[in-house]
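Right, one structure below, let's go through it.
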Amino acid sequence: MIDWKEWNTDVIKQTHGDVYAYRKLYDGDHIDLFPRAQRMLKENEVYDPMKYGETLPPNVKTPYIQANISKLICEIPAMFVSRSIGKVKTSVKSTEEQNQTTGAADGMIEGPDGDLVNDKIDDLQQELIDQISKVSKLAFIHWQNIVQHQIDGGLVGVPFDDDRGLRIDFKKRDVYYPHEDEMGVDLAFHKTIGENEYLHVYRERVEVERDKSNKRNYTLKTSNMLFKLTGDRTEEVEEEEAKALLKMKELNRDYPGRSTPFVVYWANEPTYQDPYGQSCLKGQLGKQDEINWTFTKNSMVFTKNGDPKIAVSREAFRAAQEKAIKRYGEEAAGLIDHRDFNIITYDKDGKAIELIQLDITKIGSVQWIKDLMKAMLMETKTSEKAIDFYMEGGNAAQSGTAKFYDLLLSIIKAEQIQAEYVHFLQQLFENCLWLANDEDENVVIEEPEIELRAMIPISKKELSEENSTAFSDGVQSLETTVRRMNPHASEEWILEEIKRINEENEIDDNAYPEEDSGQS
């Protein structure tokens, strides 16, 4: 365990590496990262387009140009996975006896007290899961979670039960400090309270005792510690003062029978060298620097030489100089008036004015940029078609199958992330239900099911044909068919739609009822 004698970036980097560099790479703060960019800015070769309102030297005309491929590498899997995550559904149905609870779970579920309709619990387990999802704002945070996971190389999930309600909070990885024996974890939060700086450390630690029969008895102990910061040094705050500053009634709590922490950590592509995961941008800083550098140097060439120019014969140029002297006097010697070239005659060899303009397709470094981009995409398992930076006519309509094969590499990567993310969420929901069960035994501790939707958007026609065929072939239920056809419909609408379909089928089955055998 960390003794928390000091707090600075070195403490963070010791566990998590330089996550700040990857965040700057994603955010586009590239001038802060790359020395070549800083030198160009210092020598007034370019200006920083991110700094608005600054007075620029008159001779600086070229901005520092960024093509932030790093941003897309993080966002493409997030786009696929986030749109595929559906609703969280219980795998057990509460009994009527459980639904009539007046225990703590009733207070966790939102509803006007005393309202016989809206305050009635129809399915305790599902309504509690829905409440956790709502308070956690889960529907709005999937994309953000996966992007941060890709940037940092890890993500932290923390179940909370406080005045805001039972929920899941998601944190960046640099708050997470596991114990060396894997029996606990510390979460460290830098806080400003009043005029002072503090370090709030939340600790979860599993303690094990053996009885006479050698049976293990587990207890999860949670505690909160507050340290006042003076520079990098820390000084622990007394318990009563810490309670007041943190606005907590108790700093410590025990959970008998709990053998694992509530905090869950999700690592990206962990290895034995990097057990806490690695950023998907690891190894890409040099290539991103070279892309920006090459784009900017090309821009400087084009700025200086890209304006159209005209070429005239020596005789025509000398004639224009003579006209300028007649018009403006000897002071104009060596100068010409551009208006004299609006109309011009051919010379004796039949030559006239020629227009000269820089052909950017002849700049060889453009292909070098494309090669660098392809290398970045290859190393990060990102399909080139997902970027589509090199294709012409890439907007043509495609079927869902064609899109799938075009994006196969990105989809394989996204499916792996999706499976891990679903398991991550299931663990967190189970931990929330554990906290709820600790207050009300009517709550069942489970890993709920998370519905999945298609990663790739397909047409309504394809969606209808796919699900209708699956239902007709008997490999998909009516409920699943209705849900997949209406992914954004409410639970109440789906249940009513299933009821209507069943009623219509009953009418169709009895359209021509057999006559009573007793009638003549």
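Under full-length UniProt numbering, the very last position in the sequence shown is 520; numbers go up by exactly one each time.
Ideal Cβ placement from N, Cα and C applies to all residues, glycine included.
All values derive from a computational prediction rather than experimental measurement.
Next item on the list: Would you check if the stretch 242-259 and the stretch 31-40 touch, i.e. whether three or more CB-CB distances between them fall below 8 Å?
Entry: no
Next item on the list: Please name the residue, chosen from Ala-21, Cys-280, Ala-139, His-179, that lies closest to Asp-3 on a Cα-to-Cα basis.
Entry: Indexing the sequence shown from 1 puts residue 3 at position 3. Among Ala-21, Cys-280, Ala-139, His-179, the Cα nearest to that of Asp-3 belongs to His-179.
Check: If you follow the alpha helix (DSSP H) that Val-19 is part of, which residue opens it and which one closes it?
Finding: Along the sequence shown, one-based indexing puts residue 19 at 19. Looking at the DSSP string, the run of the alpha helix (DSSP H) that includes Val-19 is 19-27.
Checklist line | C-alpha gap between Ile-411 and Arg-83, whole angstroms | finding: Position 411 of the sequence shown, counted from the start, is the residue given in the question as residue 411. Position 83 of the sequence shown, counted from the start, is the residue given in the question as residue 83. Whole-angstrom Cα-Cα distance: 13 Å.
Next item on the list: Could you tell me how far apart the beta carbons of Ala-332 and Ala-324 are, in whole angstroms, since I believe they sit closer than 8 Å?
Entry: Here residue 332 refers to the residue found at position 332 when the sequence shown is read from its first residue. Here residue 324 refers to the residue found at position 324 when the sequence shown is read from its first residue. That pair is a contact at about 4 Å.
Check: With a cut-off of 8 Å, do at least 3 Cβ pairs link the stretch 4-15 to the stretch 266-275?
Finding: no
Notebook entry, point to check: Where do the N-terminal and C-terminal ends of the beta strand (DSSP E) with Tyr-176 fall, by residue?
Noted result: Locating residue 176 in the sequence shown gives position 176, where the first residue counts as 1. Looking at the DSSP string, the run of the beta strand (DSSP E) that includes Tyr-176 is 176-178.
Checklist line | Start-end ranges of the beta strand (DSSP E) lying completely within the stretch 34-112, minimum 3 residues | finding: 85-89
Next item on the list: Work out the CA separation of Asn-298 and Leu-407 for me, nearest whole Å.
Entry: Numbered from its first residue, the sequence shown carries residue 407 at position 407. Numbered from its first residue, the sequence shown carries residue 298 at position 298. When rounded, the distance between both Cα atoms is 31 Å.
Notebook entry, point to check: In or out: Val-237 buried (at least 16 other Cβ within 10 Å) or exposed?
Noted result: Mapped onto the sequence shown, residue 237 falls at position 237. By the neighbour-count rule (16 or more Cβ atoms within 10 Å), Val-237 is buried.
Check: In terms of alpha-carbon separation, which member of Ile-193, Phe-262, Phe-189 lies closest to Pro-222?
Finding: Residue mapping note: residue 222 aligns to position 222 of the sequence shown, counting from 1. Residue identity differs from the one stated: residue 222 is Thr in this sequence, not Pro. Here the closest residue by C-alpha is Phe-262.
Next item on the list: Find out if the Cβ-Cβ distance for the pair Gly-277, Ala-267 is shorter than 7 Å.
Entry: Here the question's residue 277 lines up with position 277 in the sequence shown. Here the question's residue 267 lines up with position 267 in the sequence shown. For Gly-277 and Ala-267, yes; Cβs fall inside 7 Å.
Check: Do Leu-428 and Gly-184 have their C-beta atoms closer together than 7 Å?
Finding: Stepping through the sequence shown from its first residue, residue 428 is reached at position 428. Stepping through the sequence shown from its first residue, residue 184 is reached at position 184. No, the Cβ-Cβ distance between Leu-428 and Gly-184 is not below 7 Å.
Notebook entry, point to check: Given Ala-143, which residues of its chain have a CB within under 6 Å of its CB, disregarding the five upstream and five downstream residues?
Noted result: As a position in the sequence shown, residue 143 is number 143, starting the count at 1. Before going on, a small fix: residue 143 reads as Trp here, not Ala. Same-chain partners within the cutoff: Ala-78, Ser-82.
Check: Taking Leu-199 as the reference, which of Arg-205, Phe-189, Glu-207, Val-206 has the closest Cα?
Finding: As a first step, residue 199 must be located in the sequence shown, where it is residue number 199. The residue with the shortest Cα to Cα distance from Leu-199 is Phe-189.
Note to self: Distance check for Thr-296 and Gln-288, CA to CA, integer angstroms please.
What the structure shows: Along the sequence shown, read from residue 1 onward, the residue named residue 288 stands at position 288. Along the sequence shown, read from residue 1 onward, the residue named residue 296 stands at position 296. Gln-288 and Thr-296: Cα-Cα distance of roughly 12 Å.
Margin query: Taking the straight line between their C-alpha atoms, what separation do you get for Leu-41 and Thr-294?
Written below: Along the sequence shown, read from residue 1 onward, the residue named residue 41 stands at position 41. Along the sequence shown, read from residue 1 onward, the residue named residue 294 stands at position 294. Those two C-alpha atoms are separated by around 15 Å.
Check: With burial defined as no fewer than 16 other Cβ atoms inside 10 Å of the residue's Cβ, what is the status of Thr-95: buried or exposed?
Finding: Counted from its first residue, the sequence shown places residue 95 at position 95. Its Cβ having fewer than 16 others within 10 Å, Thr-95 is exposed.
Check: If we count the other Cβ atoms within 10 Å of its Cβ and call it buried at 16 or more, is Lys-191 buried or exposed?
Finding: To locate residue 191, count along the sequence shown from 1; it is residue 191. Exposed, because fewer than 16 other Cβ atoms sit within 10 Å of the Cβ of Lys-191.
Notebook entry, point to check: Nearest chain D C-beta to Thr-294 closer than 7 Å, yes or no?
Noted result: Reference to chain D is not applicable here, since this structure consists of a single protein chain.
Notebook entry, point to check: Counting only runs that start and end within the stretch 263-313, where is the alpha helix (DSSP H) found for 4 or more residues in a row?
Noted result: 285-305
Checklist line | Close Cβ partners of Lys-24 (< 6 Å) along its chain, the five nearest in sequence each way excluded | finding: As a first step, residue 24 must be located in the sequence shown, where it is residue number 24. Taken in chain order, the residues that qualify are Asp-32, Leu-33.
Next item on the list: Please go through the same chain and pick out, in chain order, the residues whose beta-carbon is closer than 6 Å to the beta-carbon of Ile-501, but skip the five residues on each side of it.
Entry: Taking the first residue of the sequence shown as position 1, residue 501 is located at position 501. Around Ile-501: no qualifying Cβ.
Check: Can you round the beta-carbon distance between Glu-6 and Arg-233 to whole angstroms, since I take them to be within the 8 Å contact cut?
Finding: Here residue 6 corresponds to residue number 6 of the sequence shown, with the count starting at 1. Here residue 233 corresponds to residue number 233 of the sequence shown, with the count starting at 1. Confirmed, Cβ separation roughly 6 Å.
Check: Pairing CB atoms from the stretch 162-171 with CB atoms from the stretch 122-139, are three or more of them under 8 Å?
Finding: yes
Notebook entry, point to check: What separation, rounded to the nearest whole angstrom, lies between the Cα atoms of Asp-162 and Glu-447?
Noted result: Here residue 162 refers to the residue found at position 162 when the sequence shown is read from its first residue. Here residue 447 refers to the residue found at position 447 when the sequence shown is read from its first residue. In a straight line, the C-alpha of Asp-162 is about 22 Å away from that of Glu-447.
Notebook entry, point to check: Helix, strand or coil: how does DSSP classify Asp-152 here?
Noted result: Position 152 of the sequence shown, counting from 1, holds the residue named residue 152. Helix.
Checklist line | Among Glu-430, Gln-416, Ile-291, nearest to Trp-368 - alpha-carbon criterion | finding: As a first step, residue 368 is located in the sequence shown; it is residue number 368 there, counting from the start. With distances taken between Cα atoms, Trp-368 lies closest to Ile-291.
Check: Just checking, does the stretch 44-52 make contact with the stretch 210-221 on the three C-beta pairs under 8 Å criterion?
Finding: no
Check: For Glu-504, is the classification buried or exposed, using 16 other Cβ atoms within 10 angstroms of its Cβ as the cut-off for buried?
Finding: Numbered from 1 along the sequence shown, position 504 holds the residue referred to as residue 504. Flag for Glu-504 reads exposed.
Check: How many whole angstroms separate the CB atoms of Thr-71 and Tyr-26, which I take to be in contact at a CB cut-off of 8 Å?
Finding: As a working mapping, residue 71 is identified with position 71 in the sequence shown. As a working mapping, residue 26 is identified with position 26 in the sequence shown. Looking at the sequence itself, residue 71 is Lys, so the reference to Thr does not match. That belief holds up - the Cβ atoms of Lys-71 and Tyr-26 are roughly 6 Å apart, short of 8 Å.
Note to self: Using a Cβ-Cβ cutoff of less than 8 Å, which residues in the same chain neighbour Thr-481 once the five nearest sequence positions on both sides are dropped?
What the structure shows: On the sequence shown, residue 481 is found 481 positions in, with the first residue counted as 1. Around Thr-481: Asn-467, Ser-468, Ala-470, Phe-471.
Next item on the list: For Glu-127, collect the residues of the same chain with a Cβ closer than 8 Å to its Cβ; drop the 5 residues on either side in sequence, then sort them by chain order.
Entry: As a first step, residue 127 must be located in the sequence shown, where it is residue number 127. Within the same chain, Glu-127 has close Cβ partners Ile-109, Ile-121.
Next item on the list: Measure from the alpha carbon of Val-92 to the alpha carbon of each residue in Val-444, Val-301, Arg-205, then state which is nearest.
Entry: Here residue 92 refers to the residue found at position 92 of the sequence shown. Out of Val-444, Val-301, Arg-205, Val-444 has the C-alpha closest to the C-alpha of Val-92.
Next item on the list: Reducing DSSP to helix, strand and coil, say where Ile-498 ends up.
Entry: Mapped onto the sequence shown, residue 498 falls at position 498. It is helical.
Check: Mapping DSSP to helix, strand and coil, what is Ala-454?
Finding: For the purposes of this step, residue 454 is identified with residue 454 of the sequence shown, where counting begins at 1. Ala-454 falls in the coil class under three-state DSSP.
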